[in-house]
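**Student:** Okay, here's the structure, questions in a sec.
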Amino acid sequence: MSDLGSGDEGSSSQKYQQGMDQGNADYDPAQQGQMEQELATKMLQIQSKRFYLDVKQNRRGRFIKVAEIGADGRRSQIFLALTTAGEFRDHLNAFSDFYSSLGPPNPDTVPDDGKLKSEMMLKENRRYYLDLKENSRGRFLRVSQTITRGGPRSQIAIPAQGMIEFRDALTDLLEEFNCDDHTYKPDLPDGRHLHVDNKNFYFDVGQNNRGVYMRISEVKSNFRTSITVPEKSWHRFRDILAEYCDKARPPIHDQPVF
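UniProt numbering puts the first residue of the sequence shown at 1, with every later residue one more than the last.
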């Protein structure tokens with residue numbers, strides 16, 4: 001895709017894109033269907049562009065494919081390992097803050113190359129160049145990807161006004177699928193049991209490939225139901241219960257005096 005019409009972008013060959021679809025430069029087309037699984041996708045409409053964020057998995061692990069579809073139907077895409085996507089998300093925060101601090105566009109103050117802020121990420125054999133740029137059609141974040149041993153450059157251009165929306169969508173996917181944030185914990189708390197009236201409540205802590213969770217089960221003689229609370233939500237879950245407990249507690253002057 002062009003940088004909002006700047007025309008300074010490189011294009012990727014079909015073979016390179018297929019190889020990157022597998023997260024592996026040594027891509028074998030005959031194995032594509034066996035090796036790759038799509039886990040989730042999000043679509044964003046930002047100005048005249050559509051962006052698809054696809055979480056995929058192959059034998060080398062999970063990664064995110066970001067595809068940009070322009071108003072003319074042309075497509076461009078980049079690929080991010082989950083750890084790279086996390087660093088990119090953090091850079092989006094910084095670029096968004098910087099963009100918010102800018103005043104109205106002023107052609108007299110724009111550098112010759114149009115770059116307002118730049119960063120670079122180096123991950124294994126890939127480099128990512130992040131450039132907040134400005135041209136006659138507006139401000140945008142150009143994200144370019146190259147491989148160190150040579151090959152074509154692929155890139156996308158995110159309108160500056162959509163960086164926050166893009167960051168939020170990326171964050172949602174990372175929170176759901178980034179197993180690196182959920183290291184294995186062998187020593188989990190023991191389960192607990194609470195008996196109230198004719199009901200039994202069980203609190204059991206477990207772990208799967210998405211992280212640690214608590215399953216709260218309500219059990220009666222002929223009835224059982226449960227909910228699952230991710231570990232990252234426990235503190236908020238506790239705070240909400242504490243708030244209700246405080247509101248349900250009678251005022252001090254209404255309590256009996258012994």
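Backbone N, C-alpha and C define an ideal beta-carbon position, used for all residues, glycine too.
Just the C-alpha distance for G191 and R238, rounded to the nearest angstrom, thanks.
**Tutor:** 17 Å
**Student:** Comparing C-alpha positions only, which one of V143, A85 and R167 sits nearest to Q77?
**Tutor:** V143
**Student:** What did DSSP end up calling P230 once you bin it into helix, strand or coil?
**Tutor:** strand
**Student:** Kindly indicate which residue of M120, N125 and R126 has the alpha-carbon position closest to the one of L132.
**Tutor:** M120
**Student:** Once the 5 residues before and after I69 are set aside, which same chain residues still bring their CB inside 6 Å of it?
**Tutor:** R50 and R75
**Student:** What residues in its chain sit with their C-beta under 6 Å from that of S219, if we drop five residues either side in the sequence?
**Tutor:** Before going on, a small fix: residue 219 reads as Val here, not Ser. Around V219: N200.
**Student:** For residue 284, name the three-state secondary structure that DSSP assigns.
**Tutor:** Nothing can be reported for residue 284, as the shown portion of the chain is limited to 1 through 258.
**Student:** Tell me the DSSP secondary structure of Q155 in three-state form.
**Tutor:** strand
**Student:** Whose CA, out of N198, H195 and G206, lies closest to the CA of P189?
**Tutor:** With distances taken between Cα atoms, P189 lies closest to G206.
**Student:** So, are the CB atoms of A67 and K123 less than 8 Å apart?
**Tutor:** no
**Student:** Taking C-beta to C-beta, are A40 and L174 nearer than 8 Å?
**Tutor:** no
**Student:** Using the DSSP secondary-structure output, state which residues sit across from V196 in a beta bridge.
**Tutor:** K199
**Student:** In the DSSP output, what is Q51 paired with across the bridge?
**Tutor:** The sequence given here has Phe at residue 51, not Gln. Answer is L44 and E68, bridged to F51.
**Student:** Closest to V55 by C-alpha separation, out of K232, E36, P159 and M214, would be which residue?
**Tutor:** Measuring from the Cα of V55, the nearest candidate turns out to be E36.
**Student:** In angstroms, rounded to a whole number, what distance separates the CA positions of K65 and R215?
**Tutor:** 33 Å
**Student:** Contact defined as beta carbons within less than 8 Å: I believe R167 pairs with L241. What is the distance between those atoms, to the nearest angstrom?
**Tutor:** Rounded, the Cβ-Cβ distance is 31 Å, inconsistent with contact.
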